[in-house]
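Quick notes on the structure that follows.
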Amino acid sequence: MENKVIKAAMLGLGTVGTGVYKVLKLQKEEMEAKIGARVELKKILVRNLQKAAQKVDDPSVLTNDVQEILDDPEIEIVIEVMGGIQPALSYMLEALNAGKSVVTANKDVVASEGKKLLEAAKANGRDFLYEASVAGGIPIVRPMKQCLAGNHITEVVGIFNGTTNFILTKMSKEGMEFEEALQLAQDLGYAESDPTSDIEGLDAGRKVAILASAAFNSRVVFENVYTEGIARITAKDIQYAKEMGCEIKLLGMARLTAEGIEARVHPMLINKDHPLASVQDSYNAVFVRGDAVQDTMFYGRGAGELPTASAVVGDVFDCVRNILADCCGRIGCTCYKDLPIRKISQIKSKYFVRMEVEDRPGVLASVTAVFGNNSVSIAQFIQKEKKGELAEIVVITEKVQERHFMDAIRILEGMSIIREISSLIRVYG
Ligand code: NAP
Ligand code: HSE
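Spelled out as structure tokens, the structure:
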């Protein structure tokens, strides 16, 4: 058999790039038998040649001139693992326009500029694949576009961020407060030194945008996703949620309704019986509901050197197979609809509300009247601990349109009998 070699180049050699380098090396012996060719990393773009030289067997593959990659006709696949919007976006567009297939792990770019990249791939008859951009090592983009293509997907809900799931697990299992759990996540290397994008739900929001587009065949960009983080969740909220048979998770959710697509990331109480409630530590999971498959769940490592590289290398192997079969660009953009996207104010949710009120006759009646006057129906009303003149109460509402619920909250906030509205958390269902 003729030894077939497909030349590739990589942009970036950080956590994921190093993982890709290692996985390609681990696959070296059987790659040809598996996919019909050996992938050779001809060039790797880095900023600091000296630092990168310690990570590779042959430092002559390193370059800090991207044109050595983009202008090289021998390079058929470009693997972008440098991150950020620019210059990653321009480099990927140039690579596609130069007739190369592109694989990326870059959720920031795909969530905002995916359409542009998929159109460039189509125009040039090449592949643009991005499995690693959602939930790291968990196969989900390709299953959504291929294995589940025979479904009308109605809901995708998941734990898309390992850092926040680790923090919430520590708060739930060990009673830690948010700040302490965040510090632990940073000490253990889960959370970055600037954890804003994880904590505020932005990282998960990008993944929801990418997956919603694939699930509902209609473009959803990051800017369409409502995001709210976990910084205001307390150990007490989690304890009360547990007493009600729930966990609190940062869920990313995309739903198809008769009025359009809902795409959002925020903390939610979720019943302990739901499989997502038992996803612990830094693991991710994605729960998908389709009309034919019914319920299905994907679970695993959403980040990290080798798990993310697993997804990137899977995409690279797909590109190789397509190049060998002369059928690149077989599955490109699947957004053939243009569905409206619902605003958070239009969405209906159940709510968990924790508040401190004056402990005297008539107060509870006043609170329920405000809810009732604003079309908010109460499912449960529980009085928790008393602190001197104050009582802590928890209200669980029935499903209510966000706009009406927030009207009620604004009125409650202005009432002297309400000392504090401590928590407002949506309930999954
Ligand atoms: P990282 O560790 O910061 O690595 C980025 C690499 O790209 C570094 O080698 C950096 O070089 C290089 N780089 C950045 N800008 C460059 C430029 N303009 N020219 C040349 N080289 C440049 O990042 P990462 O964690 O591997 O993440 C890479 C991508 O994968 C991101 O899009 C991220 O969102 C995505 N991702 C990451 C994970 C994960 O677990 N880490 C999981 C899923 C997806 P220097 O070191 O010299 O700065
Ligand atoms: N920072 C992300 C997480 C991984 O904590 O899950 C990269 O998307």
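Residue numbers for the sequence shown follow this note's numbering, beginning at 879 and rising by one. Ideal Cβ positions, reconstructed from N, Cα and C, are used throughout, including at glycine.
Q: Would you mind reading off the limits of the alpha helix (DSSP H) that contains residue 1057?
A: The residue labelled residue 1057 in the question sits at position 179 within the sequence shown. Residue 1057 -> alpha helix (DSSP H) spans 1056-1065.
Q. Straight-line CA distance for residue 987 to residue 1285?
A. By one-based count along the sequence shown, residue 987 stands at place 109. By one-based count along the sequence shown, residue 1285 stands at place 407. Answer to the nearest angstrom: the Cα atoms are 36 angstroms apart.
Q. Just how far apart, CA to CA, sit residue 1012 and residue 1079?
A. Counted from its first residue, the sequence shown places residue 1012 at position 134. Counted from its first residue, the sequence shown places residue 1079 at position 201. Each residue's alpha carbon lies about 14 angstroms from the other.
Q) Who are the Cβ neighbours of residue 1175 in its own chain at under 8 angstroms, not counting the five residues just before and after it? A) What you label residue 1175 is simply residue 297 of the sequence shown in a count that begins at 1. Around residue 1175: 1153, 1154, 1163, 1164, 1165, 1166.
Q | Reference residue 936; option with closest CA among 903, 925, 907 | A | Your numbering for residue 936 matches position 58 in the sequence shown. The shortest C-alpha separation from residue 936 is found at 903.
Q) Residue range of the beta strand (DSSP E) that residue 1262 falls in? A) Taking the sequence shown and counting its residues from 1, one reaches residue 1262 at position 384. Unbroken beta strand (DSSP E) run through residue 1262: 1256-1265.
Q) Where residue 1134 and residue 1090 are concerned, what is the direct C-alpha to C-alpha distance, given to the nearest angstrom? A) The residue labelled residue 1134 in the question sits at position 256 within the sequence shown. The residue labelled residue 1090 in the question sits at position 212 within the sequence shown. Cα-Cα distance, rounded: 9 angstroms.
Q) Excluding the five sequence neighbours on either side, which residues of its own chain have a C-beta within less than 7 angstroms of the C-beta of residue 907, listed in chain order? A) By one-based count along the sequence shown, residue 907 stands at place 29. Non-local beta-carbon contacts of residue 907 in its own chain, meaning distances under 7 angstroms to residues more than five positions away in sequence, are absent.
Q: Would you mind working out which of 1108, 1300, 1039, 1195 sits nearest residue 1161, comparing C-alpha positions?
A: Within the sequence shown, residue 1161 is the residue found at index 283, counting from 1. The shortest Cα separation from residue 1161 among 1108, 1300, 1039, 1195 belongs to 1039.
Q: Note down the Cα distance separating residue 1031 from residue 1181, rounded to an integer number of angstroms.
A: As a position in the sequence shown, residue 1031 is number 153, starting the count at 1. As a position in the sequence shown, residue 1181 is number 303, starting the count at 1. For residue 1031 and residue 1181, the distance between alpha carbons rounds to 25 angstroms.
Q. Just reading off the beta strand (DSSP E) that residue 1175 is part of, what are its end residues?
A. Working through the sequence shown from its first residue, we reach residue 1175 at position 297. The continuous beta strand (DSSP E) containing residue 1175 extends over residues 1172-1179.
Q: Below 7 angstroms CB to CB, which residues in the same chain sit around residue 1107 once its five sequence neighbours on both sides are set aside?
A: Working through the sequence shown from its first residue, we reach residue 1107 at position 229. So the qualifying residues of the chain are 1077, 1078, 1079.
(Q) Could you check whether the Cβ of residue 1041 sits closer than 7 angstroms to any heavy atom belonging to the ligand GTP? (A) Ligands present in the displayed structure are limited to the ligand NAP and the ligand HSE, and the ligand GTP is not among them.
Q) Is it true that the CB of residue 1260 sits closer than 8 angstroms to the CB of residue 1272? A) Locating residue 1272 in the sequence shown gives position 394, where the first residue counts as 1. Locating residue 1260 in the sequence shown gives position 382, where the first residue counts as 1. It is a contact, given that the beta carbons lie within the stated cut-off.
Q: Name the residue from 1138, 995, 1268 whose alpha carbon lies nearest to the alpha carbon of residue 1216.
A: Here the question's residue 1216 lines up with position 338 in the sequence shown. Among 1138, 995, 1268, the Cα nearest to that of residue 1216 is on 1138.
Q) For residue 949, is the beta carbon positioned less than 7 angstroms from some heavy atom of the ligand NAP? A) Within the sequence shown, numbered from 1, the residue matching residue 949 stands at position 71. No - the ligand NAP has no heavy atom lying nearer than 7 angstroms to the Cβ of residue 949.
Q) Does DSSP put residue 1212 in a helix, in a strand, or in coil? A) Counting from 1 along the sequence shown, the entry for residue 1212 is found at position 334. In the structure shown, residue 1212 sits in coil (DSSP, three-state: anything other than H, G, I, E or B).
**Q.** Spatially closest choice to residue 938 from 922, 945, 949, 948, by CA coordinates
**A.** For this step, residue 938 is matched to residue 60 along the sequence shown. The shortest C-alpha separation from residue 938 is found at 922.
Q) Does DSSP classify residue 1021 as helix, strand or coil? A) What you label residue 1021 is simply residue 143 of the sequence shown in a count that begins at 1. Three-state DSSP puts residue 1021 in a helix.
Q) Would the segment 1118-1131 and the segment 1061-1074 be scored as touching if the rule is three or more Cβ pairs under 8 angstroms? A) no
Q | Continuous alpha helix (DSSP H) assignments of at least 4 residues falling wholly in the segment 1060-1115 | A | 1074-1077, 1080-1094
Q. Beta-carbon separation of residue 890 and residue 961 under 8 angstroms?
A. Residue 890 sits at position 12 when you count from the first residue of the sequence shown. Residue 961 sits at position 83 when you count from the first residue of the sequence shown. The answer is yes: Cβ separation under 8 angstroms.
Q. When the Cβ atoms of the segment 1009-1028 are set against those of the segment 1216-1236, are three or more pairs found closer than 8 angstroms?
A. Under the 8 angstroms Cβ criterion, the segment 1009-1028 does not count as touching the segment 1216-1236, having fewer than three qualifying pairs.
Q: Assign residue 972 to one of two classes, buried (16 or more other C-beta atoms within 10 Å of its C-beta) or exposed (fewer than that).
A: Taking the sequence shown and counting its residues from 1, the one referred to as residue 972 is at position 94. With 16 or more Cβ atoms within 10 Å of its Cβ, residue 972 is classed as buried.
Q) Just curious, the alpha helix (DSSP H) that residue 994 is in, first and last residue? A) Counting from one through the sequence shown, the residue named residue 994 turns up at place 116. Note, residue 994: alpha helix (DSSP H), 985-1002.
(Q) Comparing C-alpha positions only, which one of 1213, 1237, 881 sits nearest to residue 1268? (A) For the purposes of this step, residue 1268 is taken as residue 390 along the sequence shown, with counting starting at 1. Nearest C-alpha to residue 1268: 1237.
Q: Take the Cβ of residue 963 as the centre, count every other Cβ of all protein chains shown within 10 Å, and call the residue buried at 16 or more, exposed below.
A: Taking the first residue of the sequence shown as position 1, residue 963 is located at position 85. Burial call: exposed.
Q: From the DSSP output, in three-state form, read off residue 1294 for me.
A: By one-based count along the sequence shown, residue 1294 stands at place 416. Reduced to three states, the DSSP call for residue 1294 is coil.
Q) residue 981 to residue 1157, Cα distance in whole Å? A) What you label residue 981 is simply residue 103 of the sequence shown in a count that begins at 1. What you label residue 1157 is simply residue 279 of the sequence shown in a count that begins at 1. Roughly 29 angstroms between the two C-alpha positions.
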